[in-house]
DNA sequence: GCGACAG
DNA sequence: ATCTTGTCGC
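Residue numbers (our numbering): 17 to 241.
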């Protein structure tokens, strides 16, 4: 895929924060996804082992979730985990994986936040600026914001609010399981992001594309030189 | 100043 | 995220 808005990754934490403040102004998080036009969905995930990061992007049909493409990329892990700066840890290896991608997914689902982030630019938003396609953040735990109790039934949801601003939704993708925290990355809005994630979760708490990416990234095997 | 804190 | 056995439940 062609990537836009590329920049150096060799930044200190304070430089990274300054870059986020600059990039956040370009994130579009009130744009409905045309759900009827979605044909391909990608799941994105990164796993780390021994200072090495492996990224996996799995593209599946929608609906149906038939495998279309899997790409892997490996790199030394360049940046420690710092809450709020995840994209600077996982971005470099993801950049390499995106460049290998042959198909053109209509939407990308990320393991991590979109605008549900202290500076409203989590990894799904940041990568969305490169991809110039709709992206959605799918967090398993909360980074910031609060939400009220929601029903136990699959499909139940409650707004995620931070500093008086609605930044996403706590969404029950599986009955009686902990909710997922869904937020627009880029070129998406909260209602359609939540709807798509729900439709991508037919059986498990994790959306199917992310589950597949997680499995693909989890098992390290040397890539063909 | 004191917690909280995606993966 | 990662380190890890058995175990409860559909």
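Using N, Cα and C, we set each Cβ at its ideal position, and we do this for glycine too. These numbers come from a predicted model, not from an experiment.
Separation of residue j from residue i, as counted between CA atoms
i           : j           : result
residue 77  : residue 225 : 10 angstroms
residue 218 : residue 18  : 31 angstroms
residue 214 : residue 55  : 16 angstroms
residue 99  : residue 229 : 22 angstroms
residue 208 : residue 196 : 15 angstroms
residue 105 : residue 58  : 20 angstroms
residue 198 : residue 173 : 10 angstroms
Selected residue, minimal CA-CA separation from residue i, among the options
i           : options           : result
residue 153 : 166, 139, 146     : 139
residue 86  : 115, 173, 94      : 115
residue 184 : 123, 45, 26       : 45
residue 122 : 53, 186, 206, 211 : 53
residue 125 : 26, 166, 204, 25  : 204
residue 32  : 95, 63, 47        : 95
residue 200 : 222, 194, 155     : 155
residue 91  : 70, 63, 177       : 70
residue 108 : 82, 79, 142, 176  : 142
residue 211 : 193, 188, 192     : 188
Residues of its chain near residue i, where Cβ-Cβ distance is below 8 angstroms and the 5 sequence neighbours each way are ignored
i           : result
residue 145 : 20, 21, 39, 42, 43, 202
Other residues of its chain near residue i: CB distance less than 7 angstroms, five sequence neighbours each side excluded
i          : result
residue 29 : 98, 101
Where residue i falls: helix, strand or coil (DSSP)
i           : result
residue 148 : coil
residue 65  : strand
residue 34  : helix
residue 135 : coil
residue 52  : helix
residue 124 : strand
Sequence-distant residues of its chain with Cβ nearer than 6 angstroms to residue i (five each side left out)
i          : result
residue 72 : 61, 88, 229, 232, 233
residue 36 : 135, 137
residue 63 : 70, 233, 234
Worksheet item: For the stretch 153-170 against the stretch 119-133, are there 3 or more C-beta pairs whose distance is under 8 angstroms?
Response: yes
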